[in-house]
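Chains as they are written, first to last, in the UniProt record's numbering: chain E, 1 to 469; chain A, 1 to 469; chain Y, 1 to 469.
Accompanying notes for the structure given below.
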Amino acid sequence: MNGDFWRRSNMNQRNISYEFSNIKSLRVQRIRRMGDMLVLLSLQLFLLIMFVEFSKYYPDADASDLHTSSHPVFGGFDPNLNTYRKYNSMFQDIHVMVFLGFGFLMAFLKKYGYSSIGFNFFLAAILVQWAILCRGFFHLSNLKIPISVESLVEADIAVASVLISMGVLLGQTTLLQLIIMGIIEIAVYQCNFYVGDEILKIADAGASIFVHTFGAYFGLAASFALSRFKRKNDIESDKSLESSNYTSDLFAMIGTIFLWIYWPSFNSAELSGDDQHRAIINTYLSLAASCATAFAFSAILTPDTKFDMVHVQNSTLAGGVAIGASVNMMIQPYGAIFLGMLAGALSVIGYNYITPWIDRNLHIHDTCGVHNLHGMPGVLAALVSAILAAIATESQYHTGLYDIFPARAPTIPSFNQDVYRHIQGDGRTAMQQAGYQILALIMTVVVAIVTGFLTGISNKTLCFHYSFL
Amino acid sequence: MNGDFWRRSNMNQRNISYEFSNIKSLRVQRIRRMGDMLVLLSLQLFLLIMFVEFSKYYPDADASDLHTSSHPVFGGFDPNLNTYRKYNSMFQDIHVMVFLGFGFLMAFLKKYGYSSIGFNFFLAAILVQWAILCRGFFHLSNLKIPISVESLVEADIAVASVLISMGVLLGQTTLLQLIIMGIIEIAVYQCNFYVGDEILKIADAGASIFVHTFGAYFGLAASFALSRFKRKNDIESDKSLESSNYTSDLFAMIGTIFLWIYWPSFNSAELSGDDQHRAIINTYLSLAASCATAFAFSAILTPDTKFDMVHVQNSTLAGGVAIGASVNMMIQPYGAIFLGMLAGALSVIGYNYITPWIDRNLHIHDTCGVHNLHGMPGVLAALVSAILAAIATESQYHTGLYDIFPARAPTIPSFNQDVYRHIQGDGRTAMQQAGYQILALIMTVVVAIVTGFLTGISNKTLCFHYSFL
Amino acid sequence: MNGDFWRRSNMNQRNISYEFSNIKSLRVQRIRRMGDMLVLLSLQLFLLIMFVEFSKYYPDADASDLHTSSHPVFGGFDPNLNTYRKYNSMFQDIHVMVFLGFGFLMAFLKKYGYSSIGFNFFLAAILVQWAILCRGFFHLSNLKIPISVESLVEADIAVASVLISMGVLLGQTTLLQLIIMGIIEIAVYQCNFYVGDEILKIADAGASIFVHTFGAYFGLAASFALSRFKRKNDIESDKSLESSNYTSDLFAMIGTIFLWIYWPSFNSAELSGDDQHRAIINTYLSLAASCATAFAFSAILTPDTKFDMVHVQNSTLAGGVAIGASVNMMIQPYGAIFLGMLAGALSVIGYNYITPWIDRNLHIHDTCGVHNLHGMPGVLAALVSAILAAIATESQYHTGLYDIFPARAPTIPSFNQDVYRHIQGDGRTAMQQAGYQILALIMTVVVAIVTGFLTGISNKTLCFHYSFL
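Below you can see the structure in the form of structure tokens.
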């Protein structure tokens, strides 16, 4: 059948997985394979046991919950309970981005087509289960994790951070190393997200800080750690494998365009009301502007040719990252366009000057140029969100201000006529909120770099690098 | 223009369509082509006439129905009438699965890329029209078939069973044989579905029994019948054409991933309330677990290589089939994960051991390994649904029980306070319902095998095998 | 990195962009590149300034608008204000069609894979911003353009007309020429749309007249103008580059199938109530019939082979265009099927006989055969809409008649009991409305041809053909 081709295509990859295959007998390989499979199966089995112990349906999905029986028309029927209806079409859009978009975006390497798409598929499938658990531990109800469509959306978004880190490391690690890294990264991600979202109470509706910035710097730090252990010629041989061809670049465009198309859903899925509407408009405009600007900068910075497919595949998306943290704020349509232009230009400049500099001087190898698509635009997003937080006034946002920045609500609970509910917050000022936005950025970058570096080190020192896969 | 390539690519296919092209003159070929086209056109014309005679808009889509005028705000406006709104985003998801997912999944054969996608497209487009008619004949209102978006969803789902059978036969038949087979299969499908759904009253929300099991065994039986007529060397030459290459395997991954992504919509489109919410969660978890388990088993069972692309493309999806019949039951999140693991493992084992055994001993050639993705997981789904039906209690489901198993409602009509409507059923016990689930499985397998075999025989004995296409 | 391949693949394209590269020094090229980039950047900057001056959020997306605060439950909450919810899933579907569907559909040329997808991406991203502005100038409120999700949907649809024209010109122009053409075309499109929609008040829910017919004839006229300036051997060398290969044809099928799948959303996005439901059904049936008929006609008209991939990629979609203008009328299910059959057959005949004739006799080169997919089926759509308008009666449509044909409402404002609002129109008769439908078709074709020709001429005479890109 067609399994041969996987073998053939990955023949080269084995060279870079730090195995000395030629001096090892087939028997040793078989033992290793056996070991690897047992690790993978144990992991899935562990997840199953955790779900047995901790999972239950969210009341809205539970038949035994009387309030949500399927067809009640009167008495107790609350349309807002039907969260799945609200989430479903956006959930599917995000699902496309995570499982198809990221996978095909990384398929531009002609030698790693199967690996990019296959590893992305496997990694995401196993880690969404882990992400549901990690997130759930912060919100246990009677020692159980209530699972709803919202949990699935949040799991997809959490896994995106690992797939971003994978973009840095593609071709530099074995699959098993990626999985171990993903397990750790998801756990750290959920802690960082919990602190940022529920303790620091910052606004990051499109997850530019918690997902994009975090994933990028985690991956870069892990790559830095891994490069400590590499011999010079290994690194060179890695890079020689990193070329694309005409067909692989077209496959990558499938990933790019689906990410570009569904990004408005990614940035607005967890919002509602005018926040959600505004988020869709801002993301759309920012992406359009970053696409146009990336093309223009690519034309000038690529000598002797027209456009560089690397810019077309990546920098066109930078606007989606850069708008993420302020996507539901009153940035105005022109603000979104300006931010998209800035991000597109920054990203192309990053690919042309910053990534080669980092590679040469810091010896951090960034296979997909994640720093230019997720790293720098993510930091930009955080800075912009701080500026907008600093100028946000009650007269501009009315009570919507407390939806976006809950900590700015007054400390004394008051019944609000407009939204017919009690509002209570920490009484923060605009400048304080801006400070917290910056604080969350610093925390995220520091946590990502420290834990990413440690994960990279442990991956090298533990036995996982002897794995076959 | 680019039509040449179709010719070139299918040059080989002609060899396997039981034509002795080399001894036939061009004139004979032209007559045959003429005949084929007349058959295709007559078929479309026949469908047109049937629609003239029998079709009308469902009241909700009919301007002449006063209750559903477009903007009534008061008096008679019932949001539940807007069925198209409820269905639309899920309808589009299923549309992607049927027209893109199935077609590209079969594109892994490097010699049949056009045929897989093109035949899938043509077959599905002509058969959805036929499926609307066949389904409608069971629900005539004033001798007319009322067509709504729900009809379109049901037609898409019905056609999936033919596309599954096509997966068994790909490369073994001519296009015209596939169409004739599809016409018969849709008619039989609708009868079997009617008996199972409205007479036996079984639960099969994700259509694992009616679509997946039915389509797989129908196709396998037809393949068995066709192999009776083949000479030994024909079969060998067929198989030699069945190889993939790097690019064709990447195209197939587009199909796999879109099927994987939109499966929650497939399994939940016709449900509502907490049933629908639960179905989305169960399908998501089952698919994630089957994907991870399929990779793990692929690693151990593929000697000398890492993963087998056949497993990655197919077995990762087995969880969606296996959960289908019990998708709206209280299987619990861990139950969905366990079932997905079971299905993923079963499917990989099937590809490695069972399909070769069937091929060798029963002489049934299964081109895409449909038995491992749709056949066995479909049977597993039916068995699991029987177990869950046997343990379903009123205290766990409340009145939701009668939505899932309408026959379990008491025979005496009673007004239910929770759902504000009268409920009446057949007063079945839990064990009786379990028995009916098994009965529907046995009926479906027997009907599929008998009619599939007869269709295969008739395809060989009638003149269709003289067709050019 | 992988930018080389863009250069290599477009090496040929440069030959046809009327540059005499071999006699020009690198210095001249660098100056030109600089100039081009400045044009592109100035354009994006100009758009930014226009947005600063004219854009604001639509009230429903504006936090400062009290009526639309995010969680008001009582008092003033109007679910109909949540336009983004209504539009969102269809908006994403249309987004897929415009950015992915059109781009990949044009990827069938093996030499222009990057150009088709990349230019489509760039052009669409820059022009959606321009389309929002042009459309907005007709609906200023306090000298500002209120931007909602509806604006985004309308911008996507407007840009489709430019992408259709690009299909005619692909490989015949430089990127900069396409952008200049697009800027002009969008402005003309919005004027023509305004006159047709708000002055002539015609029905064209699926934009068959305003988008498909307009885009096709605009492009054909521009191609005619460009061919005046070409030397004979240039044209021949252009054509020699227009071949597809096996892989490029499979990429094109991705575009075809996504267009086919999401067309029901394209044709129904701006409708509501039973109009929208009917539009989904009609589009689905028309597309199914045109797909089946295109395959049948392709089989008979393609000598010595089975099917022509050009027909499979394009003519299968003709039903979506042909139903567009009458998609919300009571055409009946069989009417939709009949129209789809007609369009499919017409389109295949066009590819086989009409396009070669036009090329030979009128010297209009139509790279993608746009005349057969958008031109003729668009004219057919307009004629059918006139016939249906002529036979539309109040007894068949009730008050829905005034939603579809607002000018047919009586001139004296009357309070309508069914829809609880005042209705006022121009008191047109059915035959008058039919006449206006034809008038709008004639206006659109004339405007498209005249402005397209002038655009082509100006593109040749202005300095843009010295551009590098």
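Note that beta-carbon positions come from the ideal geometry of N, C-alpha and C, so glycine has one too.
Cβ neighbour criterion (16 or more within 10 Å) applied to E:Met330
Buried: at least 16 other Cβ atoms inside 10 Å.
N-terminal and C-terminal residue of the beta strand (DSSP E) that Y:Tyr57 is part of:
Here the beta strand (DSSP E) through Y:Tyr57 covers 55-57.
In chain order, what residues of the stretch 121-135 of chain E put their CB closer than 7 Å to some CB of chain A?
From the stretch 121-135 of chain E, only Phe121, Phe122, Ala125, Ile126, Val128, Gln129 have a Cβ closer than 7 Å to chain A.
With a cut-off of 8 Å on the beta carbons, I'd call A:Ala107 and A:Ile117 a contact; round off their distance for me.
Cβ atoms of A:Ala107 and A:Ile117 come within 8 Å of each other, at about 6 Å.
Would you report the Cα separation of Y:Leu271 and Y:Ala205, rounded to the nearest angstrom?
Each residue's alpha carbon lies about 7 Å from the other.
Name, please, each residue of chain E whose Cβ falls closer than 8 Å to the Cβ of A:Arg278.
Here the neighbours are Tyr57, Ala61, Asp62, Ala63.
Would you kindly report the start and end of the unbroken beta strand (DSSP E) that includes E:Pro146?
First-last of the beta strand (DSSP E) with E:Pro146: 145-147.
In this structure, how does DSSP classify A:Ile31 when only helix, strand and coil are distinguished?
The three-state secondary structure of A:Ile31, taken from DSSP, is helix.
Can you give me the C-alpha to C-alpha distance between Y:Ser268 and Y:Asn328, rounded to a whole angstrom?
Y:Asn328 has its alpha-carbon roughly 8 Å from the corresponding atom of Y:Ser268.
Any beta-carbon of chain E closer than 8 Å to the one on A:Trp357?
Answer no: the Cβ-Cβ gap between A:Trp357 and chain E never drops below 8 Å.
Using a Cβ distance threshold of 8 Å, determine whether the stretch 337-346 of chain E contacts the stretch 283-294 of chain E, with at least three qualifying pairs required.
Note that the stretch 337-346 of chain E touches the stretch 283-294 of chain E; at least 3 beta-carbon pairs, one per stretch, sit closer than 8 Å.
Examine chain Y for any beta-carbon lying closer than 8 Å to the beta-carbon of E:Cys368, and answer yes or no.
No - not a single Cβ of chain Y is within 8 Å of the one on E:Cys368.
Within 8 Å of any Cβ in chain Y, is that where the Cβ of A:Asp36 sits?
Closer than 8 Å: yes.
Considering E:Pro264, what are the terminal residues of the alpha helix (DSSP H) in which it resides?
Segment 246-268, the alpha helix (DSSP H) holding E:Pro264.
Name the chain E residues that come within less than 8 Å of A:Ile257, Cβ to Cβ?
Those are Phe99, Leu100, Gly103, Ile117, Phe121, listed as they occur along chain E.
Using 8 Å as the limit for Cβ to Cβ distance, is A:Ala299 near chain E?
Yes, contact with chain E.
Along chain A, which residues have their Cβ under 7 Å away from the Cβ of Y:Val348?
Under the 7 Å cutoff, chain A gives no residues; its nearest Cβ is about 11 Å from Y:Val348.
Extent of the continuous alpha helix (DSSP H) run through A:Leu346:
If you look at A:Leu346, you'll find it in the alpha helix (DSSP H) that goes 333-349.
Separation of E:Glu185 from E:Gly452, as counted between CA atoms
If I take the Cα positions, the gap works out to 8 Å.
Top-ranked residue by Cα proximity to Y:Ala203, from Y:Tyr402, Y:Gln129, Y:Cys191:
The shortest C-alpha separation from Y:Ala203 is found at Y:Tyr402.
Can you tell me whether A:Pro264 is buried or exposed, with buried defined as 16 or more other CB within 10 angstroms of its CB?
With a threshold of 16 other beta carbon atoms within 10 Å, A:Pro264 meets it and is buried.
Could one say the Cβ of Y:Leu152 lies closer than 8 Å to chain E's Cβ atoms, at least one of them?
Yes, Y:Leu152 lies at the interface with chain E (some Cβ there is under 8 Å from its Cβ).
Measuring alpha carbon to alpha carbon, tell me which residue in A:Ala155, A:Gln332, A:Ile31, A:Met37 is nearest Y:Ala345.
Checking every option, the nearest Cα to that of Y:Ala345 belongs to A:Met37.
Straight-line gap, residue 475 of chain Y to A:Ile180 (C-alpha atoms, nearest Å)
Absent from the structure is residue 475 of chain Y, since the part of chain Y shown begins at 1 and ends at 469.
Compute the Euclidean distance between the alpha carbons of Y:Arg32 and E:Thr355, then round it to the nearest angstrom.
Straight-line Cα distance between these residues: approximately 28 Å.
In this structure, how does DSSP classify A:Ile364 when only helix, strand and coil are distinguished?
Here A:Ile364 carries a coil assignment [DSSP, helix/strand/coil].
Candidates A:Ala382, A:Ile387, A:Asp308, A:Ala386, of which the one nearest A:Ile349 by Cα
A:Ile349 has its Cα closest to that of A:Asp308, out of A:Ala382, A:Ile387, A:Asp308, A:Ala386.
Comparing the C-beta of Y:Tyr112 with each C-beta of chain E, is any distance below 8 Å?
Residue contact check for Y:Tyr112 against chain E: no CB pair falls below 8 Å.
Is there a Cβ of chain Y sitting closer than 8 Å to that of E:Met106, yes or no?
The beta-carbon of E:Met106 is placed no less than 8 Å from the nearest beta-carbon of chain Y.
Output, in chain order, the set of chain E residues within a Cβ distance shorter than 9 Å of A:Cys291.
At a beta-carbon threshold of 9 Å, the residues of chain E lying near A:Cys291 are Phe121, Phe122, Ala124, Ala125, Ile126, ordered along the chain.
For a cutoff of 8 Å on Cβ pairs, would you count Y:Met376 as touching chain A?
It does not: the Cβ of Y:Met376 has no partner Cβ on chain A nearer than 8 Å.
Select from the stretch 150-175 of chain A all residues with a C-beta closer than 7 Å to any C-beta belonging to chain Y, and list them in chain order.
Taking 7 Å as the Cβ-Cβ cut-off, the stretch 150-175 of chain A approaches chain Y at Leu152, given in chain order.
Just by C-beta distance, which residues in the stretch 326-344 of chain A are closer than 8 Å to chain E?
Under the 8 Å Cβ criterion, the stretch 326-344 of chain A contributes Met330, Gln332, Pro333, Tyr334, Ile337, Phe338, Met341.
Nearest to E:Asp62 by CA position, among A:His212, A:Ile358, A:Gly400, A:Tyr262, is which residue?
Looking at A:His212, A:Ile358, A:Gly400, A:Tyr262, the one whose alpha-carbon comes closest to that of E:Asp62 is A:Gly400.
So with CB distances below 9 Å, who are the chain B contacts of Y:Tyr262?
Given the protein chain composition of this structure (E, A and Y), no chain B is represented.
Please list the terminal residues of the continuous alpha helix (DSSP H) segment that includes E:Met97.
Judged by DSSP secondary structure, E:Met97 falls outside any alpha helix (DSSP H); it is assigned neither H nor E.
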